[in-house]
Structures are given as structure tokens and as C-alpha cells.
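In full-length UniProt numbering, the protein residues as written are 1 to 67.
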């Protein structure tokens with residue numbers, strides 16, 4: 001599933017993404033690919049070492065079109 005969350009600065013977009021999408025996906029053992037900088041060590045403490053395999057953080061620069 002692909003989620004796009006839009007809104008005003010300070011409107012809670014990152015909170016919603018983490019609380020309602022990323023954490024439930026990790027609990028279900030699903031892979032998460034995000035441009036949100038996550039503290040992987042915190043996720044490892046809470047969910048175990050296997051979580052490192054489930055989270056991939058990508059650079060979300062909108063000016064890089066693969067050229």
C-alpha cells in the first residue's frame with residue numbers, strides 16, 4: 001500500500017505516518033520504505049533486531065529525477 005499524506009507545516013503529518021502507518025506495518029512484519037528519518041535503534045529496542053530488515057529510509061529529494 002502506498003500512502004501520501006499532505007497538509008500544512010506543523011499539522012502532524014509525520015506523527016500520523018509513524019503512529020498510524022509505520023508502527024502498525026512493523027508490528028505486522030511488513031516492509032516500510034519511507035523518506036522520514038526514523039531512529040532505527042529505538043525501533044530495534046521496541047520490536048527486536050529483525051526490524052532492521054523491515055525499514056528502508058530513502059532520500060526524498062524532489063529535485064533528483066535519476067539523471
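Glycine included, every Cβ here is placed at the ideal spot set by N, Cα and C.
The model shown is predicted, which means the values in this text are computed figures rather than measured ones.
| message | Let me check understanding here. Comparing Cα to Cα, which of 29, 50, 27 and 17 lies closest to residue 38? | response | That would be 17, whose Cα lies nearest to the Cα of residue 38.
| request: Determine the DSSP secondary structure at residue 34, reduced to helix, strand or coil. | output: DSSP places residue 34 in strand when its eight states are reduced to three.
| query | Can the beta-carbon of residue 33 be found less than 8 Å from the beta-carbon of residue 56? | reply | It is a contact, given that the beta carbons lie within the stated cut-off.
| field | Every unbroken alpha helix (DSSP H) inside the UniProt domain "Zona occludens toxin N-terminal" (1-57) [4 residues or more] | value | Counting only runs that start and end inside the UniProt domain "Zona occludens toxin N-terminal" (1-57), the alpha helix (DSSP H) elements of at least 4 residues fall at 13-17, 23-27, 40-47 and 51-54.
| Beta-carbon gap between residue 58 and residue 52 smaller than 8 Å | No. Outside cutoff.
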